[in-house]
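Quick note: the sequence shown uses our numbering, first residue 8, plus one each step. Here a beta-carbon is modelled for each residue, glycine too, at the ideal position from N, C-alpha and C.
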Amino acid sequence: GVAVSRLPARAVPMEPMLVLFGRWLGTGSIETTADETAVRLGAGSGDQLEHLAERLSLEPGMVSSGTSPHGRYVELSDPQLVAYFGQFDGDKRVPARLRNLSAERLRVLLDAFVEGNQTTAESRWSFHSQNEPLVDQLQEIALKAGFGATVHASPAAGSEPRSYRLTVDESW
Numbered sequence: 008g009v010a011v012s013r014l015p016a017r018a019v020p021m022e023p024m025l026v027l028f029g030r031w032l033g034t035g036s037i038e039t040t041a042d043e044t045a046v047r048l049g050a051g052s053g054d055q056l057e058h059l060a061e062r063l064s065l066e067p068g069m070v071s072s073g074t075s076p077h078g079r080y081v082e083l084s085d086p087q088l089v090a091y092f093g094q095f096d097g098d099k100r101v102p103a104r105l106r107n108l109s110a111e112r113l114r115v116l117l118d119a120f121v122e123g124n125q126t127t128a129e130s131r132w133s134f135h136s137q138n139e140p141l142v143d144q145l146q147e148i149a150l151k152a153g154f155g156a157t158v159h160a161s162p163a164a165g166s167e168p169r170s171y172r173l174t175v176d177e178s179w
């Protein structure tokens, strides 16, 4: 049979959770080792993820960092975060309830995504993916946040599947 554990309810502040979700969309994954399962976020340079963990009221032992061939990362081993983000791992998407937040909150999510995706831009940035639903959802969020956003599809070529490029212009 399947073992089901019920985790105690816990209030999580909205803004830090939106930052975490945006960062996770950019570079996040669920990592499992022999000891634990954790949410892993690419940290880049000069990162503030440890501060974000404090704002989410995570226990100090639930936050660790390290280096992989892809660069620095931070891991959050909080069971509730693992359960929440685990439902999206392998099929990243933005739930409708997040896509329908205020323009101000959608900007928080997009800013965190851009930072997590390590995209540098003044007022314009692009994101490439083969995940068409995610690209469409990010375009929806950008438009609702008051930005210009276009999607261009590149046809499949040989063994490469179709890909999509979202371009967002914040000065639109």
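Best match in 49, 77 and 29 for proximity to residue 112 [C-alpha to C-alpha]
Taking the sequence shown and counting its residues from 1, the one referred to as residue 112 is at position 105. Nearest of 49, 77 and 29 to residue 112, Cα basis: 29.
Could you give the distance in angstroms between the alpha-carbon of residue 70 and the alpha-carbon of residue 58?
Locating residue 70 in the sequence shown gives position 63, where the first residue counts as 1. Locating residue 58 in the sequence shown gives position 51, where the first residue counts as 1. One C-alpha to the other measures close to 10 Å.
For residue 53, does the three-state DSSP call read helix, strand or coil?
Here residue 53 is taken as the residue at index 46 of the sequence shown, counted from 1. With a pLDDT of 46 at residue 53, under the threshold of 50, the predicted position of this residue should be treated as unreliable, though the coordinate-derived value follows. Residue 53 falls in the coil class under three-state DSSP.
What is the DSSP secondary structure of residue 88, reduced to helix, strand or coil?
Position 81 of the sequence shown holds residue 88. In this structure, residue 88 counts as helix in the three-state DSSP scheme.
Given that a residue counts as buried once 16 or more other Cβ atoms are within 10 Å of its Cβ, and exposed if not, what is residue 85?
One-based indexing of the sequence shown puts residue 85 at position 78. When all chains shown are included, residue 85 counts as buried.
Proximity below 8 Å, CB of residue 130 to CB of residue 177:
Here residue 130 is taken as the residue at index 123 of the sequence shown, counted from 1. Here residue 177 is taken as the residue at index 170 of the sequence shown, counted from 1. Cβ atoms of residue 130 and residue 177: closer than 8 Å.
Which same chain residues end up closer than 7 Å to residue 99 when comparing Cβ atoms and leaving out the 5 residues on each side of it in sequence?
Locating residue 99 in the sequence shown gives position 92, where the first residue counts as 1. Same-chain partners within the cutoff: 32, 138 and 141.
Local conformation of residue 134 per DSSP, three classes
Taking the sequence shown and counting its residues from 1, the one referred to as residue 134 is at position 127. Here residue 134 sits in strand by DSSP.
Mapping DSSP to helix, strand and coil, what is residue 77?
Looking up residue 77 in the sequence shown gives position 70. It is coil, neither helix nor strand.
CB-CB under 6 Å to residue 161, same chain, minus the five flanking residues each way: which ones, in chain order?
Your numbering for residue 161 matches position 154 in the sequence shown. Here the set comprises 170.
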